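Residue numbers (our numbering), protein chains in the order written: chain A, 5 to 575; chain B, 38 to 348. Every residue, glycine too, gets a C-beta built ideally from N, C-alpha and C. Source: prediction; values computed, not measured. Written below as structure tokens is the structure these notes are about.
Below, the structure is given as structure tokens:
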């Protein structure tokens with residue numbers, strides 16, 4: 005212990021001049037910065053940014069010299085002959101670095117408190133004190149930098165080069181971390197996690213410094229030593245951690261049929277009822293998903309080759325019965341939002357992509373189809389005789405006083421909007437047949453309401469404050485009329501118009517056959533992984549498909565029989 | 038066998054390399070207790086490396102090394118605690134004074150003797166309050182020597198302690214310190230590239246060349262068996278080679294032969310050689326002997342490199 009204290013004393017004497025100089029210059033710098041730049045305000049800013057910055061700078065300066073100076077002046081030769089281990093010598097330098105930094109930090113904080121208290125006001129001193137915890141948290145950022153500088157101080161012999169090396173290394177690592185598409189990897193580190201990574205890096209650099217620290221000079225060609233150690237160590241840090249991280253993340257994001265911790269969402273049922281389209285993703289992960297196609301008769305699941313496929317909500321199916329989907333990607337590495345980039349047409353029988361179109365091509369395709377537009381605002385155009393709604397090149401021959409939303413059915417050629425016959429009159433829901441050029445008021449006295457077309461546009465749901473009416477689009481007749489408070493019909497994500505789900509409260513409890521008006525009870529399903537309408541679909545033939553909480557997919561037939569189409573492996 | 042009675046330094050089949058360069062090759066060496074051994078060789082022959090291996094500064098690769106009964110690679114601090122080591126140059130922090138260095142070292146050596154420190158300071162005429170930055174090269178050598186001796190080690194290892202010192206300082210150190218050590222029966226190993234530095238104190242000589250021990254001999258035996266002959270040939274242009282492969286220097290008809298392991302038959306053969314006009318013994322110094330030890334071929338005086346020449 006006496007020997008260690010002697011070594012510490014020697015380190016203190018070595019750094020005494022620079023410590024004392026820093027202890028004088030730092031307060032001067034703070035006073036100047038606060039006077040000229042902060043205008044004697046923002047005491048908390050000084051505690052959070054300025055003081056931690058100065059402490060970090062001081063620590064980096066000491067770290068840059070603590071080992072390199074001994075080597076460059078050949079004092080390391082004299083230390084090498086001491087009857088003590090190299091590890092003890094190294095430890096004395098690190099402890100001295102920490103102790104001097106603590107001492108300097110305490111002094112700078114004390115100075116600031118006294119400075120604010122006596123020269124300005126004790127309120128500002130209190131504000132400064134309040135900022136100290138945040139400042140100390142910020143100081144954690146300096147820890148890996150100082151550790152990296154210490155590492156370079158062990159490898160190089162010039163203090164300035166050590167500081168440069170340490171800063172470049174940390175900036176490089178930070179830049180690499182910044183360039184990683186963390187969202188795509190489904191792992192976005194929190195600030196706390198990032199700080200822990202910084203601490204971990206600091207530990208690695210300290211370990212590297214301890215390993216590189218040897219007795220006296222190094223008997224390897226200087227250039228070789230510098231290049232090998234300066235590049236190999238960061239690589240030794242980065243490569244295994246990157247590979248390990250990638251392995252973990254790949255494992256976390258990969259989804260295969262049968263995986264036990266996969267959450268499923270029913271997104272579509274084919275017209276012929278042969279196929280169910282499902283989205284699958286790891287439980288508690290929602291950034292990336294895969295699409296599975298379940299062949300109902302055989303229970304066989306095919307995983308589509310691309311990630312982040314979503315249904316083309318405008319036209320889900322081609323005339324050939326192929327599924328239309330958008331593939332989503334992030335426009336840039338730093339974007340949090342997914343955007344559709346490629347349009348895939350998929351043959352369900354094989355699971356293969358049969359056609360790929362770019363976003364621009366699809367937009368051009370739709371531009372040539374005047375009935376392919378989605379919901380949009382109509383534009384009021386003043387004509388000499390009256391005001392009409394013009395909507396994507398079509399004149400809706402309706403006199404209006406205000407802009408109203410016009411919704412186009414997926415069944416081509418139908419649009420709906422609300423109107424009032426006169427100022428203060430009751431609201432009507434008007435259905436337009438754009439091809440025939442006819443209009444029909446389908447719901448009178450609708451009040452404040454919203455309209456919603458069934459997936460294929462066969463039906464129109466009008467939801468007013470008191471009632472819920474389902475209108476058959478082809479003839480404008482009411483197919484179902486019920487009180488708003490009783491239940492709430494919705495087609496969910498499925499595309500079979502004939503069957504609507506009736507929601508009692510949060511979950512669907514019955515299935516409504518709009519052709520016959522009959523209702524059927526749904527099997528109870530406590531599954532909470534996903535929205536309720538993503539867990540149950542009706543097939544065109546009337547069977548109900550449900551995803552249960554154990555991840556199984558079951559088919560409930562009209563006669564009450566139940567068949568399991570798919571079940572995952574047990575965890 | 039305890040190390041009290043054993044040779045303080047035992048080296049067997051020791052090799053060491055830095056990268057691709059093999060510095061020491063299969064070195065065998067024993068340093069007897071109480072001896073003063075001169076470890077000689079040209080620059081880069083591995084003398085300093087061998088010394089650093091002895092104190093555990095460097096770790097040996099293949100081979101065995103034992104100092105005072107300890108393995109320096111494993112018990113380096115223990116070895117260094119018992120050994121006095123004088124580096125080739127002592128570089129210290131600028132803020133230190135001569136005595137600061139002693140006070141710094143004192144806790145590391147339980148046997149530190151302040152009276153011995155004071156005695157040596159007086160004997161070597163060094164001011165304890167002088168700042169290390171003001172010391173001349175000679176004074177720094179004395180400073181290092183006192184630091185190595187103040188804890189009264191049984192084994193003193195000196196790495197070129199006289200390098201760059203003027204003859205007066207060298208004489209001062211030799212007479213005031215090393216003679217004293219020899220009298221006390223302590224073991225000393227002195228690394229040098231000059232035999233004249235150590236000829237007055239060394240009783241054993243080890244010559245390292247290209248990482249190998251080329252010569253390990255008792256100093257007196259070496260002097261006894263080393264003979265220098267001046268030979269005159271009849272014909273200055275005749276192609277002629279002497280018996281016994283001595284080191285030779287030829288200038289026309291005059292040839293100087295230096296044998297390190299002389300045999301009387303060589304002289305007889307020379308006298309009977311028809312090419313030889315005359316043979317006579319001449320005085321030789323130690324440098325001649327070491328030239329002979331390392332040189333196998335004749336060389337002109339201008340080309341001749343003196344591996345152990347006086348500095």
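Judged by DSSP in its simplified three-state form, residue 353 of chain A adopts coil rather than helix or strand. Here residue 224 of chain B carries a strand assignment [DSSP, helix/strand/coil].
Exposure of residue 430 of chain A is indicated by the presence of fewer than 16 other C-beta atoms within 10 angstroms of its C-beta. By the neighbour-count definition (other C-beta atoms within 10 Å, threshold 16), residue 146 of chain B is a buried residue.
Annotation: the stretch 510-552 of chain A contains the following complete segments of the beta strand (DSSP E) (minimum length 3 residues), in chain order: 512-517, 523-525, 540-542 and 548-551.
Within a 10 Å sphere around the beta-carbon of residue 574 of chain A sit fewer than 16 other beta-carbons, which makes this residue exposed.
Residue contact with chain A for residue 145 of chain B: present (Cβ-Cβ distance below 7 Å to some residue of chain A). Judged by DSSP in its simplified three-state form, residue 6 of chain A adopts helix. Between residue 466 of chain A and residue 455 of chain A, the C-beta gap is smaller than 7 Å, which places the two residues in contact. With respect to residue 360 of chain A, residue 342 of chain A sits apart: the two C-beta atoms are not nearer than 7 Å.
Annotation: residue 70 of chain B to residue 221 of chain B spans about 11 Å, alpha carbon to alpha carbon. Contacts between residue 6 of chain A and chain B, judged by CB atoms closer than 8 Å, involve 144 in chain order. Under the three-state reduction of DSSP output, residue 170 of chain B falls in the helix class.
Under a 10 Å Cβ-count criterion, residue 319 of chain B is classified as exposed, with fewer than 16 other Cβ atoms of the shown protein chains found around its own Cβ. Look at residue 450 of chain A here: in three-state DSSP terms it is coil, with no helix or strand label.
Closest in alpha carbon position to residue 471 of chain A, among A/459, A/486 and A/478, is A/486. Taking a 10 Å sphere around the C-beta of residue 120 of chain A, we find 16 or more other C-beta atoms and assign the residue as buried. Residue 121 of chain B is bridged by DSSP to B/193. Taking the CA atoms as reference points, residue 115 of chain A sits about 48 Å from residue 186 of chain B.
One finds nothing in chain B with a Cβ atom closer than 7 Å to the Cβ of residue 101 of chain A; even the nearest lies about 17 Å away.
For the set B/189, B/212 and B/203, the Cα lying nearest the Cα of residue 161 of chain B is the one of B/212. For residue 86 of chain A, no alpha helix (DSSP H) run applies, since DSSP gives it neither H nor E.
Think of a sphere of 7 Å around the beta carbon of residue 141 of chain B: the chain A residues whose beta carbon falls inside it are 10 and 14, in chain order. Interface annotation for the stretch 68-80 of chain A against chain B: 77, 78 and 79, criterion Cβ-Cβ distance under 7 Å. Within chain A, the residues 82 have their CB atoms less than 7 Å from the CB of residue 127 of chain B, given in chain order.
Residue 17 of chain A has a beta carbon lying within less than 7 Å of a beta carbon in chain B. Contact of residue 183 of chain B with chain A by beta-carbon distance below 7 Å is absent, the smallest such distance being about 14 Å. Here DSSP, grouped into helix, strand and coil, assigns residue 335 of chain A to coil. Interface flag for residue 149 of chain B against chain A is unset, since no Cβ pair is found closer than 7 Å. Bounds of the alpha helix (DSSP H) holding residue 213 of chain A are 195-216. For residue 89 of chain A, the residues of chain B that pass the 8 Å Cβ criterion are 113 and 114, in the order they occur in the chain. Neighbours of residue 27 of chain A in chain B, taken as residues at a C-beta separation under 7 Å, are lacking, since the least C-beta distance is about 17 Å.
Among the residues facing chain B, residue 86 of chain A is included, as its CB has a counterpart in that chain under 7 Å away. Taking the Cα positions, residue 190 of chain B is about 8 Å away from residue 223 of chain B. Residue 451 of chain A and residue 423 of chain A have their C-alpha atoms some 10 Å from each other.
Listed by position along chain A, the residues whose Cβ is nearer than 8 Å to that of residue 279 of chain B form an empty set, because the closest Cβ is around 42 Å away.
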